[in-house]
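First up is the structure itself, then whatever we jot down about it.
Numbering (our numbering), first residue to last: 769 to 1059.
Here it is, written out as structure tokens:
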């Protein structure tokens, strides 16, 4: 045991040395992650398909940053290998190292099971799974630059509790995230695949001093979940043991921890952040206070 270790919070949880790429970083939880790194002084690359959203968050973050963090935006469509390779090429033009990659880009698709279109599978699997594989592989040379056992790089993949739960209330007519009669049938399997891919990557990249972990969020306010929240907030609160849905602070805290010195010995983990709703079996509770 090293009794001379520096265990102060400012040593374990500092982020101004990080160079971070966040896909889907101009909205939802990706935007939350980007803000967390910007406010803590990291150099942040934000990738998104929509230029208007990139310009909006860039303006917001530049006004917000107290530490003059460097922010760069990139338009990226990661639906295929070519799009992933193009983004990786653009990042390599602007930095010779990357310490954190957050694979957050994703989509969902809802339709009745007996009329679910084939492209509703192809698009979701391509963006939610294939892009993680190809983008990470393309960026490994940057991720392993300047790493060591004592200072590893990070890959954080965004899955979902939908990749774990098989009894999913979100597709019901009683306050679910989907329109009654339809369901996100390709979404859950894609997120389950993300979990398995993350474990494979953790094993594959550990010798390169690259840590890979997977986050499975439950219900957080976002464009993807707003329909369900507006339609059935009371229902969702009734199945939350904590009596509320997730907040930006909840998610940002976990992302920062997984990028910190405090998590240097953590890899291959799948971390649930849903207030215990899945582990409780979606049982209705009386603890349904407002957000």
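Note that the Cβ used here is the ideal one computed from N, Cα and C, for glycine as well.
Checklist entry - Does the Cβ-Cβ distance between residue 795 and residue 819 come in under 7 Å? => result Residue 795 is not a Cβ neighbour of residue 819, given a cutoff of 7 Å.
Next on the checklist: Residues in the same chain with beta-carbon distance under 6 Å from residue 957, minus the five sequence neighbours each way, listed in chain order, please.
Outcome noted: The answer is none, since no qualifying residue turns up.
Item to check | Between the CA atoms of residue 979 and residue 973 - distance to the nearest angstrom | outcome: Taking the straight line joining both Cα atoms gives about 7 Å.
Next on the checklist: With a threshold of 8 Å on Cβ separation, who are the neighbours of residue 942 within its own chain once the five nearest residues in sequence on each side are excluded?
Outcome noted: Summary for residue 942: the model assigns pLDDT 47, below 50, so the residue's position carries little reliability; its value from the coordinates is reported in the next sentence. Excluding sequence positions up to five before and after residue 942, its CB lies within less than 8 Å of the CB of 1000 and 1003, all in the same chain and listed in chain order.
Checklist entry - Could you give the uninterrupted runs of the beta strand (DSSP E) lying entirely in the segment 788-860, keeping only those of 3 residues or more? => result Qualifying beta strand (DSSP E) stretches, in chain order: 811-816 and 839-843.
Item to check | Where residue 942 sits in the DSSP three-state scheme | outcome: Confidence at residue 942 is low in this model, with a pLDDT of 47, below 50, so the placement of that residue should be treated as unreliable; the coordinate-derived value is given next. DSSP places residue 942 in coil when its eight states are reduced to three.
Checklist entry - Where does residue 978 fall in DSSP's three states? => result In the three-state reduction of the DSSP assignment, residue 978 falls in the strand class, which pools E and B.
Checklist entry - Any idea what DSSP makes of residue 920, helix, strand or coil? => result Here residue 920 sits in coil by DSSP.
Item to check | Reference residue 1035; option with closest CA among 921, 928, 909 and 1012 | outcome: Minimum Cα distance to residue 1035 is reached at 921.
Item to check | Cutoff 6 Å; reference residue 925; Cβ partners in own chain excluding five residues on either side | outcome: Cβ within range, chain order: 871, 900, 962, 966 and 982.
Next on the checklist: Considering only the alpha carbon of each residue, which of 953, 1049 and 865 lies closest to residue 892?
Outcome noted: If you compare the alpha carbons of 953, 1049 and 865 with that of residue 892, the shortest gap goes to 953.
Checklist entry - Apart from the five residues just before and just after residue 1040, which ones in its own chain have a Cβ nearer than 8 Å to its Cβ? => result Hits under 8 Å: 929, 932, 984, 986, 1046 and 1047.
Checklist entry - Does the beta-carbon of residue 823 have 16 or more other beta-carbons within 10 angstroms, so that it is buried, or is it exposed? => result That one is exposed.
Checklist entry - CB-CB under 6 Å to residue 838, same chain, minus the five flanking residues each way: which ones, in chain order? => result The residues are 811.
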